[in-house]
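>
Number of protein chains: 2
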Amino acid sequence: MKHTHAEENYLKAIYMLSEKQESLVSTTAMADFLHTSAASITDMIQKLHNKGLVIYRKYQGVTLTDRGKESAIKILRKYLLWEVFLVDKLKFGWSEIHEIAEQLEHIDCDTLIDRLDHFLGNPYCSPHGIVIPNADGKIIDKPRWLLTDLSEGASGIVSAIKDDSVAFLQYLGKRNIYLGAKITVIEKIQFDGSTDITIDNQYKINISRKITDNILITL
Amino acid sequence: MKHTHAEENYLKAIYMLSEKQESLVSTTAMADFLHTSAASITDMIQKLHNKGLVIYRKYQGVTLTDRGKESAIKILRKYLLWEVFLVDKLKFGWSEIHEIAEQLEHIDCDTLIDRLDHFLGNPYCSPHGIVIPNADGKIIDKPRWLLTDLSEGASGIVSAIKDDSVAFLQYLGKRNIYLGAKITVIEKIQFDGSTDITIDNQYKINISRKITDNILITL
DNA sequence: AAATTTATTTAGACAAATCTAAATAAATTT
DNA sequence: AAATTTATTTAGATTTGTCTAAATAAATTT
Ligand SMILES: [Mn+2]
Ligand SMILES: [Mn+2]
Ligand SMILES: [Mn+2]
Ligand SMILES: [Mn+2]
Chain A
1 MKHTHAEENY
11 LKAIYMLSEK
21 QESLVSTTAM
31 ADFLHTSAAS
41 ITDMIQKLHN
51 KGLVIYRKYQ
61 GVTLTDRGKE
71 SAIKILRKYL
81 LWEVFLVDKL
91 KFGWSEIHEI
101 AEQLEHIDCD
111 TLIDRLDHFL
121 GNPYCSPHGI
131 VIPNADGKII
141 DKPRWLLTDL
151 SEGASGIVSA
161 IKDDSVAFLQ
171 YLGKRNIYLG
181 AKITVIEKIQ
191 FDGSTDITID
201 NQYKINISRK
211 ITDNILITL
Chain B
1001 MKHTHAEENY
1011 LKAIYMLSEK
1021 QESLVSTTAM
1031 ADFLHTSAAS
1041 ITDMIQKLHN
1051 KGLVIYRKYQ
1061 GVTLTDRGKE
1071 SAIKILRKYL
1081 LWEVFLVDKL
1091 KFGWSEIHEI
1101 AEQLEHIDCD
1111 TLIDRLDHFL
1121 GNPYCSPHGI
1131 VIPNADGKII
1141 DKPRWLLTDL
1151 SEGASGIVSA
1161 IKDDSVAFLQ
1171 YLGKRNIYLG
1181 AKITVIEKIQ
1191 FDGSTDITID
1201 NQYKINISRK
1211 ITDNILITL
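Sequence lines, in order, name chains A and B.
Sequence positions in the first sequence follow the numbering used here and run 1 to 219.
Sequence positions in the second sequence follow the numbering used here and run 1001 to 1219.
(1) Give a yes or no on whether 8 Å exceeds the smallest Cβ distance from Gln1103/B to chain A.
(2) Going by DSSP, which residues form a beta bridge with Thr1212/B?
(3) Taking the continuous alpha helix (DSSP H) assigned at Ile1075/B, which residues delimit it?
(4) Do Gly180/A and Gly93/A come within 8 Å of each other at the CB atom, strictly closer than that value?
(5) Nearest by alpha-carbon distance to Asp110/A: which of Lys74/A, Lys188/A, Ile55/A, Ile41/A is it?
(6) So, is the C-beta of Arg115/A closer than 8 Å to a C-beta in chain B?
(7) Could you list the residues in the stretch 1163 to 1191 of chain B with a C-beta less than 8 Å from some C-beta on chain A, going in chain order?
(8) Is His1106/B close to ligand 4? I mean its beta-carbon at under 7 Å from any heavy atom of the ligand.
(9) Distance, Cα to Cα, Leu81/A vs Ile140/A?
(10) Which stretch, first to last residue, makes up the beta strand (DSSP E) that contains Gly1156/B?
(11) Residues of chain B with CB under 9 Å from Phe119/A, in chain order?
(12) For Arg77/A, count neighbouring C-beta atoms within 10 Å of its own C-beta (all shown protein chains included) and say buried if the count is 16 or more, exposed if not.
(13) Mark Ser208/A as exposed unless 16 or more other C-beta atoms lie within 10 angstroms of its C-beta, in which case mark it buried.
(14) Compare the beta carbon distance of Ser18/A and Thr63/A with 8 Å and say whether it is the shorter of the two.
(15) Can you tell me the Cα-Cα spacing of Leu1146/B and Ile1100/B, whole angstroms?
(16) For Lys227/A and His1118/B, I'd like the C-alpha separation in whole angstroms.
(17) DSSP has Val54/A in a bridge; who is on the other side?
(18) Only counting the same chain, and skipping five residues up and downstream in sequence, which positions put a Cβ closer than 8 Å to that of Thr1184/B?
(19) Tell me Asp1196/B's beta-bridge partners as DSSP assigns them.
(20) Does the beta carbon of Cys1109/B come closer than 8 Å to any beta carbon on chain A?
(21) List the whole-angstrom C-beta distance separating Leu112/A from Ser159/A, where the pair is believed to meet the contact cut-off of C-beta under 8 Å.
(22) The alpha helix (DSSP H) spanning Ile1097/B covers which residue range?
(23) List, in chain order, every chain B residue whose beta-carbon is nearer than 8 Å to that of Ile100/A.
(24) Quick check: Thr1042/B and Thr1027/B, are their CB atoms within less than 8 Å of each other?
(25) Give the DSSP-derived three-state secondary structure of Ile217/A in the structure shown.
(26) Give every residue of the same chain whose Cβ lies closer than 7 Å to the Cβ of Arg144/A, excluding the five residues on either side of it in the sequence, and list them in chain order.
(27) From the DSSP output, in three-state form, read off Leu24/A for me.
(28) Which one or two residues does DSSP pair with Trp145/A in a beta bridge?
(29) What do you reckon, are the CB atoms on Val87/A and Pro123/A nearer than 8 Å?
(30) Could you compute how far the alpha carbon of Ile14/A sits from the alpha carbon of Glu7/A?
(31) DSSP on Lys12/A, reduced to helix/strand/coil?
(32) Ignore the nearest five residues each way along the sequence and tell me which others in Arg1067/B's own chain have a CB closer than 8 Å to its CB.
(33) Any idea which residues DSSP pairs Val166/A with across the strands?
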């Protein structure tokens, strides 16, 4: 099934708002999220209902059908992978990527996203730490730790960054730390809380507690 | 000035068709190129005329104004850089990229394309050999020759291909001829107009006049 | 030169996505 | 419980981009 840009935005929005709460998604929540009028939301929701993508109960709210959810997850996957691309490859700061990925998510090509996924090293989650659905639409929750909490000898993959600032992203770039990099904890220095690590079993560096507190690791 | 997707497609189309011929671009040529009805073309051309992006003379045809040309070149730059990305980074074949780049060219972000340009190593031309306008919209033309016109002993770099049919691209792939390959003319055969060449000082092959007529060389 | 064919424009319609203003339902306050 | 406020829907309008069918202009053939 192919959707228009607007339909895709609505489907993804419903999905994301549904994740945050149990109940049906309200018209105003949608209007707020998408910066459109409540009237427009009602309009589109009714269209999506007629297409079997959502279940809509007047004055109650909306929820995704299985088909709608499947579509929403595909769009979210595209959105998140493009975010990884923008941060990891083009060195954008966090604040700038949302608007661009919001456009890129609509690019329609069967093979493009899977190639992008591979090119990016099959990242586990977006720069914001949101888990990226796999090509089958499955969302696999791996446990995650702060790099701070890894013990000596342990290793894992950099999967998200908690700090937004350009300064931090630049620091990471300079130290060859990127999403998908393999980090091994060599030694934890008691005195100042810093950690000796290797990146991709190659570069050995020491990073401070402030750094390890802002890096999320999966196995 | 910001344009809609459709406007951008029209502007780029007029630019590309204008490059191939001296005279005004006709309605049918546009309709053919964009796979839309002649009536739709006339409609949109009139809108673009009212916005000062094209000069349109009824029944005669259309040409870009300076403002229109500036916009068209920006879109073309985006289109070509995304093509490089798709081939160079995501390993798409030349035949698959057109449709995707046709979508990606509409992504709107001031900094995105310049970062992409840098990420790709500031390529001189697209996979099809079309020169990529720089960030200022300047198109710097290096001199190029048909491979046919190189004399014996001369060598140069494959920088463009005049025929982008799948058949020709497949032929080139099979013979290890690619953009950036170094070709040296070993001998020009008078009898049938064919040429003996080496590719990257490695493979020695004979190619026909029809082939050399479709390969452009820079030094 | 007239007839015919081809190219182009105009007219009228339509779908998609949005808006504002008015109507109505639901929730909250008094 | 009634009044008021808030949320939601409906009605009507607008913009964008497209189409088909009919009208007209330009080019070509007879
Ligand atoms: Mn985001
Ligand atoms: Mn979007
Ligand atoms: Mn192309
Ligand atoms: Mn396009």
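No residue lacks a Cβ here, since even glycine has one placed at the ideal position from N, Cα and C.
Note that this is a predicted model, so its numbers are computed, not measured.
With the given structure in hand:
(1) yes
(2) Looking at the DSSP assignment, Thr1212/B forms no beta bridge with any residue, so it has no partner.
(3) 1066 to 1088
(4) 8 Å or more divides the Cβ of Gly93/A from the Cβ of Gly180/A.
(5) Lys74/A
(6) yes
(7) none
(8) Yes, Cβ of His1106/B sits closer than 7 Å to a heavy atom of ligand 4.
(9) 15 Å
(10) 1155 to 1161
(11) Chain order gives the chain B residues near Phe119/A as Lys1089, Leu1090, Lys1091, where near means a beta carbon separation below 9 Å.
(12) buried
(13) exposed
(14) yes
(15) Just so you know, the alpha carbons of Leu1146/B and Ile1100/B end up roughly 29 Å apart.
(16) Here chain A has residues from 1 to 219 only, and residue 227/A is not among them.
(17) Leu64/A
(18) Closer than 8 Å at Cβ, skipping near neighbours: Gly1153, Ala1154, Ser1155, Ile1197, Thr1198, Asn1201.
(19) Glu1187/B, Asn1206/B
(20) yes
(21) Actually they are not in contact, since the Cβ atoms of Leu112/A and Ser159/A sit about 23 Å apart, beyond 8 Å.
(22) 1097 to 1104
(23) Ile1107, Cys1109, Leu1112
(24) yes
(25) DSSP places Ile217/A in strand when its eight states are reduced to three.
(26) Within the same chain, Arg144/A has close Cβ partners Ser159, Leu216, Ile217, Thr218.
(27) coil
(28) Ile217/A
(29) no
(30) Distance between the alpha carbons of Ile14/A and Glu7/A is about 11 Å.
(31) helix
(32) Met1001, Gly1052, Leu1053
(33) None; Val166/A has no bridge partner.
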